[in-house]
Structures are given as C-alpha cells and as structure tokens.
Amino acid sequence: MREKRLQDIEDYIHSVGTASLDELCEHFNVSKNTIRRDISNILDKGTIQKVYGGVTSMSSHLIPFENRDITNSSAKTAIAKCAARFVEGNELIYIDSGTTTRSMVEYLPRVPKLTILTNSLDIINAAANLEHITLLTIGNSYKRDTKSFVGNDSLHILDKYNINKAFMAATGVSIESGLTNSDILEYEIKKKIVDKAQQVYLLADASKFGRSTLLTYAPFDKVDTLITSEPLSKEYQEYCDEHGIAVIAAEQESGTRGM
C-alpha cells in the first residue's frame, strides 16, 4: 500500500508541476510527518526537488500540457464555450493560459472592436488570423510545459490597459486558499490581471475544487462569475451566494446570482 501511495504522490506532483506539503497532505489524507517521509523517499529517485514550502517536478518528467486532465476535456470545452458568450464588442479582455481557457477563441461571437490580451500560445495561435480581433501579448520568456509566456519585466505594461473582463484559469480552487497555481512567474501575471480587471470570470471544472497549490494569486471573493462543469457543493454554493458570485454550470447553461 505504501509503495502505491509513493507512486501516486510522485504522479500527482508530475501532473501539477509544483505542490505544497499541505496540499499533498489534504489530497492523500495523510499527516505532515507521513508526507515528509514519503517525499524523502521520492527525492532519492531524483525526479522531484524541494522548493520553499513544497516540492516541484523536474521539468523533463512533467506530463505534457495537452495531456493534462484529458478525461475532463468535454467539460472544459463546455466551460470555454459558455464563457465566450459573455464577450461583447468594444471590450479589452484577458484570456488566461490553461487547459480550460485554451478553446475560448473558437466560440467567441463576431463582435466589433474586440481586443484580446493574453500570454497563452494557444490563444495567440487561435486569434492570430482573425482580422476582427486586435491581439496584445505579454511575457517575454516562453514556458514549454504550460505553453505560456511569462516574465516580470513586462508586468509594468499592464498598468496602461483598462481590462474589461478577465477569463482566468486555476490549478486549484478553495475557500481557504482561493485561486491557486504553482509557478511564481505565472502567479505574478495572474495576480496583476485580477487586480486590474473590472470583472473576473473563473473557468474551473469540478476537479479543481477543494484543491490548493503553492501560490494564491487571488482570494475566492475576487471572482465575479464562476463558470464550472456541474453544480457546486452546498459549502461552495453558500460561499458564492454570500459573496455575490454568479455561478454557472456550463453543461446546464444555467446560473444564479448571490443576493
């Protein structure tokens, strides 16, 4: 049983890239002492390494971006399609990098004077030949494992943009830790975007809830609209109601608004 758990922990770290000790304890329902012992054993294999507060996968062992969470691909497509309905003309929108946001461009309505700001290579490629869309990019260093551009040098550029709507992705979503990801460079961009955007849309399938990774780029209550793949648990729905977060289950294409 322990050998299987060690393999499961290693596989999980490779799938998310970086994980905190608290996240691993919660995900595998073990104590911190147990997870420390397990991590020590896995470290001996040389496939992961320690970082502040957690561990990270060695890049050569990361699961390819296009293969992550492939079992949830239909839900993610439904979420992206639903999110695209909220895009209007004369807007500057930000589309985040991620497996949930990547297909949004395919479903965007043909509206006048639409500007897309992004650091996602998939979004750039999808929008590059669409003449009715103005495309702005940020980031000066390419990350192959997430197919995104990062870099703190370009963060100051965001100060000049008035972002109407930000369509964000997250590695984990929880009431306690908020919207989380595992990469410090992507974290800086995500945090800045959420601070600048007039409206924040979170695109997250059901598997992301109750999870937290190394870095919180925004508290949960910064979200204006949550688009997910199925109805929330009672705890999360009550939180959204209390904080005025609109909740839309994409497959049902219905929503509620907290009062």
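According to this note's numbering, the sequence shown is numbered sequentially starting from 113. Where is the CB? At the ideal position from N, CA and C, for every residue including glycine. Note that this is a predicted model, so its numbers are computed, not measured.
Neighbourhood of residue i by C-beta, 8 Å cutoff - its chain only, sequence neighbours within 5 removed
{"i": "Thr-130", "result": "Val-163, Gly-166, Val-167, Thr-168, Ser-169, Ser-294, Asp-295, Thr-325 and Leu-326"}
{"i": "Ile-205", "result": "Val-199, Leu-226, Thr-227, Ile-228, Leu-229, Ile-275, Asn-276, Lys-277, Ala-278 and Phe-279"}
{"i": "Tyr-273", "result": "Leu-204, Leu-229, Leu-248 and Lys-308"}
Rounded C-alpha distance that separates residue i from residue j
{"i": "Gln-310", "j": "Lys-277", "result": "6 Å"}
{"i": "Ala-362", "j": "Ser-266", "result": "34 Å"}
{"i": "Tyr-124", "j": "Ala-318", "result": "17 Å"}
{"i": "His-219", "j": "Cys-137", "result": "According to the sequence provided, residue 219 is Tyr. The question's His does not apply to it. About 39 Å."}
{"i": "Leu-133", "j": "Ser-345", "result": "25 Å"}
{"i": "Ile-207", "j": "Ser-232", "result": "8 Å"}
{"i": "Val-217", "j": "Thr-246", "result": "12 Å"}
{"i": "His-244", "j": "Phe-140", "result": "48 Å"}
{"i": "Leu-297", "j": "His-126", "result": "18 Å"}
{"i": "Arg-117", "j": "Pro-221", "result": "46 Å"}
{"i": "Arg-197", "j": "Thr-340", "result": "14 Å"}
{"i": "Lys-320", "j": "Glu-300", "result": "20 Å"}
{"i": "Asn-252", "j": "Leu-270", "result": "13 Å"}
Residue i - DSSP class collapsed to helix/strand/coil
{"i": "Ala-282", "result": "coil"}
{"i": "Lys-225", "result": "coil"}
{"i": "Tyr-351", "result": "helix"}
{"i": "Asn-293", "result": "strand"}
{"i": "Thr-249", "result": "strand"}
{"i": "Thr-146", "result": "helix"}
{"i": "Glu-300", "result": "helix"}
Opposing strand residues paired with residue i [DSSP bridges]
{"i": "Tyr-313", "result": "Phe-279 and Thr-337"}
{"i": "Ala-255", "result": "Checking the displayed sequence, the identity of residue 255 turns out to be Lys instead of Ala. In DSSP, Lys-255 forms a bridge with Ser-260."}
{"i": "Ser-132", "result": "Gly-166"}
{"i": "Ile-235", "result": "Note: Ile-235 sits in no beta bridge, so no partner."}
{"i": "Phe-321", "result": "Val-285"}
{"i": "Glu-203", "result": "Leu-226"}
{"i": "Ile-160", "result": "Ser-169"}
{"i": "Thr-213", "result": "Beta-bridge pairing links Thr-213 to no other residue."}
{"i": "Ala-330", "result": "Leu-291"}
Contacts around residue i, its chain only, beta-carbon distance under 6 Å, and the 5 residues preceding and following it disregarded
{"i": "Leu-338", "result": "Leu-314, Ile-357 and Val-359"}
{"i": "Gly-290", "result": "Thr-328, Ala-330, Pro-331 and Phe-332"}
Nonlocal neighbours in the same chain, by C-beta distance under 7 Å from residue i, ignoring five residues either side
{"i": "Val-335", "result": "Val-312, Leu-314 and Ile-357"}
{"i": "Lys-188", "result": "Thr-211, Thr-212 and Asp-317"}
{"i": "Ile-151", "result": "Val-167"}
{"i": "Asp-59", "result": "Residue 59 is absent from the model: the chain starts at 113 and stops at 371."}
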